[in-house]
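Chains as they are written, first to last, in this note's numbering: chain V, 1 to 114; chain U, 1 to 116. Where a beta carbon is used, it is the ideal one built from N, C-alpha and C, also for glycine. Structure first, then comments.
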Amino acid sequence: NAGVTQTPKFRVLKTGQSMTLLCAQDMNHEYMYWYRQDPGMGLRLIHYSVGEGTTAKGEVPDGYNVSRLKKQNFLLGLESAAPSQTSVYFCASRRLPPGTGELFFGEGSRLTVL
Amino acid sequence: AQKVTQAQTEISVVEKEDVTLDCVYETRDTTYYLFWYKQPPSGELVFLIRRNSFDEQNEISGRYSWNFQKSTSSFNFTITASQVVDSAVYFCALSEANLNFNKFYFGSGTKLNVKP
């Protein structure tokens, strides 16, 4: 069972470059999330989606865009990367009903912006 | 205000000691769920347990046990006879079934170091 898969696992960018992180889940989950994890900050929610075609902002959305064109995929984009976006990014999915189930996480994507 | 507080940033114990990780939460919802996740040095996030707000029974799974007390809004995690493999960052989390049900609130994590 693949579960939640993130690509790429590692990426180094220069300031101003753009990139997209892809999250794919094969569990038919409605809810998907993007978090970033920085030392001492825990997990902070960037954006989330409650279904295909819908997205919403989390705690720290600035500098990121997302899209959920297909139910199984949730893309996180950085249009103009900044060093402050150096972080580990986690994608997660969750089944319905909302508010009840646990999050299933991907393995994380480590992004370094120089 | 923080919905989930893990006041212990880092704990160090010697192998075979018991250790309790504290978690205090805040919610106005009548139905909610509490979770613990483990993040070992390899980095992945591993789900450990989920409890709903109507079930205050303590739970034990091997060397792990969880104490849920609504009166003090706490959901503490105890590892008995700790082992080096327990070294990890542990996150407590809250999800509300009615209010803000789309979101999942994490504490800042407690790093547990178990020394041989």
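- Interface residues of chain U facing G42(V) [CB-CB closer than 8 Å]: Contact note: G42(V) reaches chain U through F91, F106, G107, S108 and G109, using a C-beta cutoff of 8 Å and chain order.
- Query: Does the beta-carbon distance from V46(U) to S87(U) come in below 8 Å?
  - Reply: Contact flag unset, no.
- Message: I'd like the list of long-range same chain contacts for E56(U), defined as Cβ closer than 8 Å, with 5 residues on each side in sequence excluded.
- Response: For E56(U), where only same-chain residues beyond five positions count, the Cβ hits under 8 Å are F68, Q69 and K70.
- Message: Using only CA atoms, which one of P97(V), R94(V) and K14(V) lies nearest to L78(V)?
- Response: Taking only the C-alpha atoms, the option nearest L78(V) is K14(V).
- Item | Per-residue DSSP class, three states only, for Q6(U) | It is coil, neither helix nor strand.
- Message: For a contact defined as C-beta to C-beta under 9 Å, what are the partners of A7(U) on chain V?
- Response: Within chain V, no residue comes near A7(U); the closest Cβ sits about 13 Å away, beyond 9 Å.
- Item | Identified DSSP bridge partners for Y32(U) | Among the bridge pairs identified by DSSP, Y32(U) is matched with E96(U).
- For D22(U), name the three-state secondary structure that DSSP assigns. In the three-state scheme derived from DSSP, where H, G and I count as helix and E and B as strand, D22(U) is classed as coil.
- Item | Reference G53(V); option with closest CA among T5(V), M32(V) and D26(V) | Distance from the Cα of G53(V) is smallest, within the candidate group T5(V), M32(V) and D26(V), for M32(V).
- Item | Spatially closest choice to T7(V) from Y64(V), E59(V), V113(V) and V88(V), by CA coordinates | Looking only at Y64(V), E59(V), V113(V) and V88(V), the smallest Cα-Cα distance to T7(V) is reached by V88(V).
- Item | Exposed unless 16 or more other CB atoms sit within 10 angstroms - verdict on I46(V) | Answer is buried; the Cβ neighbour count reaches 16.
- Can you grab the Cα-Cα spacing for the pair A97(U) / R11(V), in whole Å? When rounded, the separation of the alpha-carbon atoms in A97(U) and R11(V) is 36 Å.
- Message: In chain order, what are the residue ranges of uninterrupted beta strand (DSSP E) at least 3 long that sit wholly in the segment 33–82 of chain V?
- Response: Counting only runs of 3+ residues, the beta strand (DSSP E) found wholly inside the segment 33–82 of chain V occupies 42–51, 54–57, 65–67 and 73–78, in chain order.
- Query: Would you call the segment 21–39 of chain V and the segment 88–107 of chain V in contact, with 3 or more CB pairs under 8 Å?
  - Reply: Contact between the segment 21–39 of chain V and the segment 88–107 of chain V is present, because at least three Cβ pairs lie under 8 Å.
- Item | Residues near K9(V) in its chain [Cβ-Cβ closer than 8 Å; skip 5 each side] | Closer than 8 Å at the Cβ level, and outside the excluded window around K9(V), lie E107, G108, S109 and R110.
- Message: Determine, for R51(U), whether the minimum Cβ-Cβ distance to residues of chain V falls below 8 Å.
- Response: Under the Cβ criterion of 8 Å, R51(U) is not counted among the residues facing chain V.
- Item | Residues that DSSP places opposite F77(U) in a beta bridge | Beta-bridge annotation (DSSP): F77(U) is paired with L21(U) and W66(U).
- Query: When burial is assigned at 16 or more other CB atoms within 10 Å of the CB, is G51(V) buried or exposed?
  - Reply: Exposed, since its Cβ has fewer than 16 Cβ neighbours within 10 Å.
- Query: Going by beta carbon distance, what residues of the same chain come within less than 6 Å of P40(U), once the five residues before and after it are set aside?
  - Reply: Excluding sequence neighbours, P40(U) sits near A88.
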